[in-house]
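Before any comments, here is the structure.
Residue numbers (the working numbering), protein chains in the order written: chain B, 40 to 352; chain U, 57 to 314.
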């Protein structure tokens with residue numbers, strides 16, 4: 040069963056004070072996310088990522104289209120009990136302490152009273168806020184609020200979790216912890232859908248990604264497929280600081296870093312490079328195909344979209 | 057009552073209680089009661105009259121200010137700060153949110169009125185050194201004041217569901233002032249002719265009739281209140297508040313939270 044099935048959701052806003060003009064925030068979106076997947080929703084700021092999430096959460100109403108979450112209509116309140124949502128740059132009731140806030144959300148999510156206390160304590164522990172659970176949220180830093188946001192999204196043990204820019208405001212340690220947490224959620228069998236413009240996070244975590252730009256999905260695919268699309272090069276690394284003439288003759292670009300040398304060659308010269316290193320009695324450390332990064336793919340995709348948009352004007 | 061409404065109401069109540077402005081207003085009310093005592097002491101034989109008049113008027117005014125001050129931000133502030141996102145993404149229906157907010161604010165005002173009423177009775181005991189049977193009528197005036205609060209709360213919520221806090225405050229306060237003169241407006245409608253009569257009559261029945269709730273002066277003079285008036289005011293206030301809340305729900309149900 041698909042955890043998320045978006046069937047042509049689209050959103051057009053009316054803008055302007057006196058004369059209203061339509062502004063399309065999201066073109067008809069068709070998307071399917073399988074159960075247990077980590078799905079990345081990538082795009083630059085203003086691409087339509089947050090609009091999509093708001094539509095799925097029922098915070099804004101679509102101009103057309105529908106969606107199914109966990110096999111049911113996305114507006115069904117029963118479905119919402121099985122969904123967790125972290126909005127972008129979350130803000131919470133700052134008169135409450137972290138413990139009180141989570142308890143309130145647990146009540147609203149229908150967590151049974153006898154289980155509530157244990158669940159709140161365990162979630163606070165999980166996001167590293169146990170020692171500040173009695174402090175009012177108005178005294179929390181941005182990073183701590185982000186942790187509270189993640190805690191409230193997973194508190195009621197949802198089957199499907201939506202994160203809007205989950206790494207926002209976190210320091211490197213915090214980002215690492217959130218990455219680990221998302222991986223744990225996957226191991227627990229949950230589906231995670233997260234929007235981000237930090238591509239390294241998506242590359243490290245996601246099974247599949249969609250790239251959205253100007254309200255339109257440009258690509259959907261597995262990260263491995265997208266990042267292996269530019270091929271034909273290999274990376275050779277050997278120990279030492281010496282670059283033999285035979286390697287230079289292969290036309291490789293060689294870079295010496297510390298006590299290793301790194302060379303990029305055409306794939307066809309792989310055997311010749313191995314032979315050359317063997318002859319020179321140099322120790323081969325690694326030989327790997329060069330894959331394009333998700334970032335390069337993303338930039339290329341957006342540039343192409345902008346070029347085609349400019350040419351049609 | 058629906059459990060989610062109770063949780064939203066209790067969170068609204070807790071927020072209001074933890075809001076320092078609320079404490080300041082209570083302090084002001086206490087100060088005003090103190091002033092009533094002072095005026096009572098310099099008045100001759102009418103200390104009780106002055107204390108009841110001033111005390112109940114203070115209870116009413118401070119409550120109205122609190123109702124408008126908090127009520128106007130109940131929905132718009134939640135949208136602006138986006139605290140609503142994490143509530144409505146749960147199994148909470150939009151109407152439950154509005155009704156929960158209403159009960160939270162109404163509950164705050166009832167508790168607030170209870171403490172201010174203690175202040176009024178304490179001031180009364182201070183000037184007359186005893187309670188008489190007629191003093192129980194003060195409870196009727198307090199009940200009417202609470203009914204007024206219900207109407208104001210629902211109106212503040214209605215305006216808050218589609219307007220900014222500033223405009224909501226202007227609308228709610230204007231309606232309170234106009235509603236306080238609703239009887240005069242109805243009198244004017246009776247004297248007018250043609251289209252003006254229709255418009256004035258429509259406006260007179262649309263604005264809340266707060267003048268029917270003001271029995272402070274007659275109670276200060278120990279005049280009894282007809283049980284029919286108590287019944288009428290109860291039905292009227294509940295009906296009016298329900299209509300305003302329905303309007304708020306209707307607007308909020310269709311609102312995009314940008």
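Don't be surprised by glycine CBs; every beta carbon is placed ideally from N, CA and C.
Every value quoted in this text rests on a predicted model; they were computed, and no experiment measured them.
Closer than 9 Å by beta-carbon distance: list the chain U residues that pair up with residue i, in chain order.
i, result
"residue 119 of chain B", "144, 145, 146, 147 and 148"
"residue 149 of chain B", "59, 60, 146 and 147"
Can you pull the chain B neighbours of residue i, defined as C-beta to C-beta under 8 Å?
i, result
"residue 139 of chain U", "130, 131 and 132"
"residue 313 of chain U", "93, 98 and 99"
So residue i contacts chain U; which residues on that side make the cut at Cβ distance below 8 Å?
i, result
"residue 61 of chain B", "Chain U residues near residue 61 of chain B: none, gap ~14 Å exceeds 8 Å."
"residue 143 of chain B", "63 and 67"
"residue 179 of chain B", "Within 8 Å Cβ-Cβ: nothing; residue 179 of chain B doesn't reach chain U, min ~14 Å."
"residue 185 of chain B", "What residue 185 of chain B touches in chain U: nothing, since even the nearest Cβ is about 13 Å away."
"residue 253 of chain B", "Near residue 253 of chain B there are no residues of chain U at all, since even the closest Cβ is about 18 Å away, more than 8 Å."
Distance check for residue j and residue i, CA to CA, integer angstroms please.
i, j, result
"residue 308 of chain B", "residue 76 of chain B", "38 Å"
"residue 247 of chain U", "residue 261 of chain U", "15 Å"
"residue 215 of chain U", "residue 301 of chain U", "10 Å"
"residue 133 of chain B", "residue 285 of chain U", "43 Å"
"residue 177 of chain U", "residue 116 of chain B", "48 Å"
"residue 111 of chain U", "residue 161 of chain U", "22 Å"
"residue 222 of chain B", "residue 243 of chain B", "10 Å"
"residue 143 of chain U", "residue 137 of chain B", "15 Å"
"residue 320 of chain B", "residue 254 of chain B", "56 Å"
"residue 316 of chain B", "residue 293 of chain B", "13 Å"
"residue 82 of chain B", "residue 63 of chain B", "16 Å"
"residue 273 of chain U", "residue 228 of chain U", "24 Å"
"residue 145 of chain B", "residue 297 of chain B", "54 Å"
"residue 184 of chain U", "residue 104 of chain U", "7 Å"
"residue 64 of chain U", "residue 211 of chain U", "19 Å"
"residue 262 of chain B", "residue 331 of chain B", "11 Å"
"residue 355 of chain B", "residue 281 of chain B", "Outside the shown range of chain B, which is 40 to 352, sits residue 355 of chain B, and nothing can be said about it."
"residue 275 of chain B", "residue 343 of chain B", "31 Å"
"residue 69 of chain U", "residue 59 of chain U", "15 Å"
"residue 143 of chain B", "residue 167 of chain B", "19 Å"
"residue 284 of chain B", "residue 311 of chain B", "13 Å"
"residue 94 of chain B", "residue 101 of chain B", "6 Å"
"residue 67 of chain B", "residue 87 of chain B", "11 Å"
"residue 121 of chain U", "residue 224 of chain B", "48 Å"
"residue 47 of chain B", "residue 156 of chain U", "34 Å"
With distances taken from CA atoms, which of the options is nearest residue i?
i, options, result
"residue 238 of chain U", "U:258, U:222 and U:252", "U:258"
"residue 292 of chain U", "U:206, U:312 and U:138", "U:206"
"residue 90 of chain U", "U:114, U:163 and U:314", "U:114"
"residue 123 of chain B", "B:252, B:200, B:80 and B:238", "B:200"
"residue 327 of chain B", "B:108, B:339, B:303 and B:338", "B:303"
"residue 225 of chain U", "U:79, U:124 and U:314", "U:124"
"residue 109 of chain U", "U:158, U:58, U:295 and U:275", "U:275"
"residue 266 of chain B", "B:256, B:239 and B:286", "B:239"
"residue 191 of chain B", "B:72, B:58, B:252 and B:147", "B:147"
"residue 252 of chain B", "B:72, B:80, B:149 and B:281", "B:80"
"residue 97 of chain B", "B:84, B:114 and B:109", "B:114"
"residue 126 of chain U", "U:222, U:148, U:182 and U:201", "U:222"
"residue 231 of chain U", "U:62, U:209 and U:305", "U:209"
"residue 268 of chain U", "U:240, U:182, U:245 and U:252", "U:240"
"residue 314 of chain B", "B:54, B:60 and B:289", "B:289"
Using a C-beta to C-beta distance shorter than 7 Å, which residues of chain U count as neighbours of residue i?
i, result
"residue 172 of chain B", "Result: empty, since nearest Cβ-Cβ is about 17 Å, beyond 7 Å."
"residue 126 of chain B", "138, 141 and 142"
"residue 116 of chain B", "147 and 149"
"residue 146 of chain B", "63"
Give me the chain B residues within the contact set of residue i, using Cβ-Cβ distance strictly less than 9 Å, ordered along the chain.
i, result
"residue 223 of chain U", "Ordered by position in chain B, no residue passes the 9 Å Cβ test against residue 223 of chain U, which lies about 15 Å from the chain."
"residue 242 of chain U", "The premise fails here: residue 242 of chain U is roughly 38 Å from chain B at the closest Cβ pair, so nothing lies under 9 Å."
"residue 74 of chain U", "134, 135 and 175"
Within a Cβ cutoff of 7 Å, which residues of the same chain sit near residue i, ignoring the five residues on either side of it in sequence?
i, result
"residue 308 of chain U", "131, 150, 154 and 217"
"residue 72 of chain B", "41, 42, 43, 78, 230 and 232"
"residue 256 of chain U", "241, 244, 245 and 248"
So, at 6 Å on beta carbons, what are the nonlocal neighbours of residue i in its own chain, with the 5 sequence-adjacent residues on each side left out?
i, result
"residue 341 of chain U", "Nothing about residue 341 of chain U can be reported from this structure: the residues present for chain U run from 57 to 314 only."
"residue 259 of chain B", "249"
"residue 323 of chain B", "277 and 316"
"residue 213 of chain B", "182"
"residue 189 of chain U", "none"
"residue 193 of chain B", "123"
Tell me which same chain residues have a C-beta within less than 8 Å of the C-beta of residue i, skipping the five on either side of it?
i, result
"residue 111 of chain B", "117 and 118"
"residue 266 of chain U", "204, 207, 232, 235, 236 and 238"
"residue 220 of chain U", "132"
Under 7 Å between beta-carbons, which chain B residues line up against residue i? List them in chain order, please.
i, result
"residue 71 of chain U", "132 and 134"
Would the beta-carbon of residue i be found less than 7 Å away from any heavy atom of the ligand GDP?
i, result
"residue 276 of chain B", "With respect to the ligand GDP, the structure shown offers nothing to examine, as it has no ligands at all."
For the stretch 176-183 of chain B and the stretch 204-212 of chain B, state whether three or more C-beta atom pairs, one from each stretch, are separated by less than 8 Å.
-> yes
Determine, using beta-carbon pairs with one atom in the stretch 122-137 of chain U and one in the stretch 191-198 of chain U, whether at least three such pairs fall under 8 Å.
-> With the rule of 3 Cβ pairs closer than 8 Å, the stretch 122-137 of chain U does not count as touching the stretch 191-198 of chain U.
Do three or more CB pairs link the stretch 163-177 of chain B to the stretch 163-173 of chain U at distances below 8 Å?
-> no
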